[in-house]
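Q: A single structure is presented below for examination.
Residue numbers (my numbering), protein chains in the order written: chain A, 84 to 212; chain B, 1106 to 1198.
Dropping the structure here:
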């Protein structure tokens, strides 16, 4: 069994696509028109067989209050592994990305938390050996 | 001002103040992580939010809504009242 697709609820699919590709560096894996919305997934270009991230529209009425509550308390929706959190923080800040938590040592990891501009926080994590 | 003694009479709340002294504008999520990593304290997020409410009622913490997030910042000025009441004085031996 393989973790094929995980979903994140976004305010706007087009803005999400711009952020996840142009800022974070993912590439489009699937982009299928489905009426008002799209089946839209992105993937790590270095792992074409890896897990896809589905940029899911907030169609269900529970999704808005759910993501609003998480973001208010600074809780990231998922974790992105990076080689160097400090370097990503510098790179992304220069691109205008907002962080709610700068790089912080937390035992075996260095973490930072950023705003994906479409209603979610994402944690960057670097393992420290 | 009356609440300040009760606010300080709890280990978790003192640890929160310790962490907030390190940097202003921290989220509930970050503070929960730091309680666990630095203080070996793992209350629920709900409990930490309530501790922050007590600190805020005592004027020791300010929470500020900034866009879609809420940040917490320390304010040590109420502590001055304690020193005003009991200024440092050493017993003469």
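By construction, the Cβ of each residue, glycine as well, lies at the ideal position given by its N, Cα and C atoms. Here the structure is a predicted model, which means the values were calculated and not measured.
Determine the chain A residues that contact residue 1220 (chain B) at a beta-carbon separation under 9 Å, and present them in chain order.
A: This structure does not reach residue 1220 (chain B), given that chain B is present from 1106 up to 1198, and the question cannot be answered.
Q: Along the chain, which unbroken stretches of the beta strand (DSSP E) at least 3 residues long are found entirely within the region 127-193 of chain A?
A: Complete beta strand (DSSP E) runs here, min 3: 135-140, 161-164, 182-189.
Q: Can you confirm whether residue 1106 (chain B), when its beta carbon is compared against all beta carbons of chain A, has any partner nearer than 7 Å?
A: Annotation note: pLDDT 48 at residue 1106 (chain B) (below 50); position unreliable, no value reported.
Q: With three or more beta-carbon pairs closer than 8 Å as the criterion, would you say the region 1116-1123 of chain B touches the region 200-207 of chain A?
A: No, the region 1116-1123 of chain B does not touch the region 200-207 of chain A.
Q: Please classify residue 1138 (chain B) as buried or exposed, where buried requires at least 16 other C-beta atoms within 10 Å of its C-beta.
A: Classification of residue 1138 (chain B): buried, given that the 10 Å Cβ count is 16 or more.
Q: Should residue 1106 (chain B) go down as buried or exposed, given a rule of 16 or more other Cβ atoms within 10 Å for buried?
A: The predicted model places residue 1106 (chain B) with a pLDDT of 48, which falls under 50 and marks its position as unreliable, so this point remains unresolved.
Q: Please tell me whether residue 125 (chain A) and residue 111 (chain A) are closer than 7 Å, where the distance is taken between their beta carbons.
A: In contact: residue 125 (chain A) and residue 111 (chain A) (Cβ atoms closer than 7 Å).
Q: Shortest alpha-carbon distance to residue 1109 (chain B) belongs to which of B:1187, B:1144, B:1134, B:1194?
A: When each option's Cα is compared against that of residue 1109 (chain B), the closest is B:1187.
Q: Would you list the residues sitting across from residue 1169 (chain B) in a DSSP beta bridge?
A: Its beta-bridge partners are B:1176.
Q: Under 7 Å between beta-carbons, which chain A residues line up against residue 1168 (chain B)? List them in chain order, please.
A: Simply none; closest approach about 10 Å.
Q: When DSSP builds the beta bridges, which residues end up paired with residue 120 (chain A)?
A: Paired residue(s): A:117.
Q: Looking only at its own chain, which residues have a Cβ that is under 6 Å from the Cβ of residue 99 (chain A), when we skip the five neighbours before and after it?
A: Closer than 6 Å at Cβ, skipping near neighbours: 93, 138, 201.
Q: Buried or exposed, going by whether 16 or more other CB atoms sit within 10 Å of the CB of residue 1177 (chain B)?
A: Classification for residue 1177 (chain B): buried.
Q: Is residue 119 (chain A) buried or exposed, if buried means 16 or more other CB atoms sit within 10 Å of its CB?
A: Answer is exposed; the Cβ neighbour count stays below 16.
Q: Compute the distance between the beta-carbons of residue 157 (chain A) and residue 183 (chain A), then report whether it is under 7 Å.
A: For residue 157 (chain A) and residue 183 (chain A), yes; Cβs fall inside 7 Å.
Q: Given that a residue counts as buried once 16 or more other Cβ atoms are within 10 Å of its Cβ, and exposed if not, what is residue 1160 (chain B)?
A: Residue 1160 (chain B) is buried by the Cβ-count criterion.
Q: Using a Cβ cut-off of 7 Å, pull out every chain A residue sitting near residue 1138 (chain B), in sequence order please.
A: Within 7 Å Cβ-Cβ: 189.
Q: Please confirm if residue 182 (chain A) has its CB atom under 7 Å from at least one CB of chain B.
A: False, the Cβ-Cβ gap to chain B never drops below 7 Å.
Q: Could you tell me the alpha carbon to alpha carbon distance between residue 170 (chain A) and residue 1193 (chain B), rounded to whole angstroms?
A: Distance between the alpha carbons of residue 170 (chain A) and residue 1193 (chain B): 47 Å.
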